[in-house]
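When we follow the numbering used here, the leftmost residue of the sequence shown carries the number 1, and every step to the right adds one.
See below for the structure under consideration.
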Amino acid sequence: MNLAPRFALLTLAAALAVAAPAAAQDRQGSVEITPVIGGYFGGTFDPGTLAFYNGEATASTEVAYGIRLGFNVTRHFQLEASYLQSDPKLEVNGSGAIGSPSHDIGKMEIRLYEVNSLFTWGSGPVRPYFVIGGGVNTFHPVVKGYDASTDSRFTGNMGFGVKVFVSPNFGFRFEGKGRTTYISSDDYHCDHGCDYYYGDSQWYFSGEGTAGFIVAF
């Protein structure tokens, strides 16, 4: 996993070196297909969010890969459909003591299906952008001795990236995102004439860093 950030930096440096100072390009109406690979940075599952384990569990950092299909609505706005998958390990602490070793109890197969909006700026070969979107985060635990179901939850993401075009039809894309996924909520109220009501929502936070090769037409 330590090689992924170095690979992304080397690829970015190579892309910037190859990208000539081209004239302004109007990408409105074009389609972009981008296979991506990178790292998935897992978050923490709070106690009570996993059916097979009552304590807190953490998803590890793992390789992620997928594909993105985008349409440039205007020069500076793109809509895209995105698919990303990763299988991080599920880790728990051996005890509550400081320094207690963690161990794996299985893995979590994560599949992300999202629709994103990209807001780009610039008109040359280098195009920074802001991305925001949402969709479905599908979880399937793989734990020895437990027959787990597949569950889907709403997720939202936000991040920044840059596209570096080496020609009108080919380029590189680098992106970092943070993501929050709604897990569940517990509602509390008073049944004896009280006038208060409150709820406790549970969320799962994660992130990703990816690099990809753009084919545009």
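Every residue gets a Cβ at the ideal spot worked out from N, C-alpha and C, and that includes glycine.
Quick caveat, the model's predicted, so the values are computed rather than measured.
Given residue i as reference, the closest of the options once Cα atoms are compared
{"i": "M158", "options": "R179, P141 and F174", "result": "R179"}
{"i": "G124", "options": "F205, E32, V31 and S167", "result": "S167"}
{"i": "G29", "options": "W203, G145 and E80", "result": "E80"}
{"i": "N169", "options": "I214, R153 and T155", "result": "I214"}
{"i": "T210", "options": "F217, A216, R173 and S201", "result": "R173"}
{"i": "Y146", "options": "P47, G48 and Y53", "result": "Y53"}
{"i": "G55", "options": "D87, N93 and Y83", "result": "N93"}
{"i": "V126", "options": "P47, D46, F45 and G171", "result": "G171"}
{"i": "D87", "options": "P141, Y129 and A148", "result": "P141"}
{"i": "E208", "options": "Q78, D26 and Q85", "result": "Q85"}
Buried/exposed call for residue i, threshold 16 Cβ in 10 Å
{"i": "G135", "result": "buried"}
{"i": "F41", "result": "buried"}
{"i": "V73", "result": "exposed"}
{"i": "H189", "result": "Model confidence at H189 stands at a pLDDT of 48, short of 50, so the residue's coordinates are unreliable and nothing is read from them."}
{"i": "I183", "result": "buried"}
{"i": "A51", "result": "exposed"}
{"i": "T150", "result": "exposed"}
{"i": "I132", "result": "exposed"}
{"i": "K234", "result": "The question about residue 234 has no answer here: the residues shown for the chain are numbered 1 through 217."}
{"i": "L112", "result": "buried"}
{"i": "T155", "result": "buried"}
{"i": "K163", "result": "buried"}
{"i": "S204", "result": "First, the amino acid is wrong: residue 204 is Tyr here, not Ser. Per the 10 Å Cβ criterion, buried."}
{"i": "K107", "result": "buried"}
{"i": "S82", "result": "buried"}
{"i": "F217", "result": "exposed"}
{"i": "S201", "result": "exposed"}
{"i": "F119", "result": "exposed"}
Residue i and residue j closer than 8 angstroms at C-beta
{"i": "G39", "j": "V63", "result": "yes"}
{"i": "G176", "j": "F165", "result": "no"}
{"i": "T61", "j": "G212", "result": "no"}
{"i": "T181", "j": "N116", "result": "no"}
{"i": "E91", "j": "H76", "result": "no"}
{"i": "I110", "j": "F139", "result": "yes"}
{"i": "V36", "j": "G66", "result": "yes"}
Assigned secondary structure, residue i (DSSP; H/G/I helix, E/B strand, else coil)
{"i": "G70", "result": "strand"}
{"i": "W203", "result": "strand"}
{"i": "S30", "result": "coil"}
{"i": "H76", "result": "coil"}
{"i": "G48", "result": "coil"}
{"i": "P101", "result": "coil"}
{"i": "F217", "result": "coil"}
{"i": "S60", "result": "coil"}
{"i": "S149", "result": "coil"}
{"i": "N137", "result": "strand"}
{"i": "G209", "result": "strand"}
{"i": "N157", "result": "strand"}
{"i": "G176", "result": "strand"}
Any chain C beta carbon closer than 8 angstroms to residue i
{"i": "G122", "result": "Looking at the structure shown, chain C is missing, and only one protein chain is on hand."}
Query raised in the report: When the Cβ atoms of the region 67-83 are set against those of the region 52-59, are three or more pairs found closer than 8 angstroms?
Result: No, the region 67-83 does not touch the region 52-59.
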